[in-house]
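I have placed the structure first, in the form of structure tokens, so that the comments after it can refer back to it.
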Amino acid sequence: MIVLYLNTSKGYRVLEYLIENKLIKIIFAVITYDDKNTFDNSYDRITYICRKNNISVFDKYHKLVIPTTYYKLAIGWQFIIKDTSNLYVIHDSLLPKYRGFAPTVNALINGERKIGASLIQSTEEYDKGAIFKQEEIHIKYPIKIQTVLKLLEETYQRLSLDFIKTIKTEKLIHLTPQDENNASYSLWRNHNDYFIDWSWNADKIERFVNAVSFPFEGAKSILNNITYTISEVKVLNDVKVENRQIGKQIFVQEGKPVIVCGKGLIRIDKMLDEDNQAYNVNTFRNQFK
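Those letters in the sequence shown? Residues 1 to 289, per full-length UniProt numbering, in order.
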């Protein structure tokens, strides 16, 4: 039997996939929580599908007694699970690279051409556990995070199904230790990390805007003391700017502002203020911060 710790749309899609593959009977319970930082309505969807299929579902604060022989699998989970016995997790990277927080977002910002997910055994030190299985995803830029998350959902489904089929047939779980020589870490992100750094090159800014777009808060920048959310941009060929000052508007193209970056130019195709009102270009004298 297995207990599933589920959050985000990835957790929901895995549960849906296991139900489709007639594996309800191996699920002892589902534990979930309402994450106010995402907008994918996954909590409601997870609880609904559990009740619809007579699967026991509990909030993370519920003290569920889990038999010691049962397995546990955490997907999209962002809290510490104290009992790590028989606990496995799926992490959004090809470990040992990008251990830690927001690995997919950070990998996309960095322009990684190959990302993926790893199903690993949980350990006291996060994301250091031996690997059950990994799956790669090849990325072609530009790409929105929502598209990547859908690809990851499918990856999670396959990894979870392989793992549960293995424990269901009582096969020995073969694990491969991580290579510490190749390890890297990914730091957590907060509200301040959504602001664009105009000293970056235009390609990186485009990747950043796409990586933190829906279902996340979206890329931010301040203009005339107003915080705008920027959701659509286009990289343009650079021009020689004798007195290059990042964040300044240099052109208006198709009625949209073109901004000087550390290297290259970027056109802002869609930006909304805090009242969801679109920005209208009425002057060249703009500098984003």
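For each residue, glycine too, the CB sits at the ideal point set by N, CA and C.
Item to check | Top-ranked residue by Cα proximity to ASN243, from HIS174, ASN190, CYS261, TRP200 | outcome: Of HIS174, ASN190, CYS261, TRP200, the residue nearest in Cα terms is CYS261.
Let's see if you can read the secondary structure: which residues bound the beta strand (DSSP E) around ASP269?
265-272
Quick test of the definition: if touching needs 3 or more C-beta pairs under 8 Å, does the segment 200-208 touch the segment 148-168? no
- Message: Checking the sheet assignment: what are the DSSP bridge partners for LEU119?
- Response: ILE90, LYS133
Task: Residues near ILE137 in its chain [Cβ-Cβ closer than 6 Å; skip 5 each side] - done: Closer than 6 Å at Cβ, skipping near neighbours: ILE115, GLY116, LEU151.
- Task: Taking 8 Å as the threshold, find out whether the segment 102-114 comes into contact with the segment 62-75 through three or more Cβ pairs.
- Result: no
Restricting to runs no shorter than 4 residues, where is the alpha helix (DSSP H) found entirely within the segment 213-283? none
field: VAL209, enclosing alpha helix (DSSP H) - first and last residue
entry: Taken as a continuous stretch (DSSP letters only), the alpha helix (DSSP H) holding VAL209 covers 202-211.
Assess contact between the segment 125-132 and the segment 88-99, defined as three or more Cβ pairs (one per stretch) separated by less than 8 Å. Is contact present? Result yes; three or more Cβ-Cβ pairs closer than 8 Å.
*Have a look at TYR185 and ALA219 and give me their C-alpha separation to the nearest angstrom.*
In this structure, the straight-line span from the alpha carbon of TYR185 to that of ALA219 is close to 23 Å.
Checklist line | Pair within 8 Å by beta-carbon distance, GLU153 and ARG13 | finding: yes
_Looking only at its chain, what residues have a beta carbon closer than 8 Å to the beta carbon of ILE266, apart from the 5 residues adjacent to it on each side?_
Counting only residues of its own chain and dropping the five nearest sequence neighbours on each side, ILE266 has a CB closer than 8 Å to the CB of ALA202, ILE205, GLU206, VAL233, LYS234, VAL235, LEU236, VAL258, ILE259.
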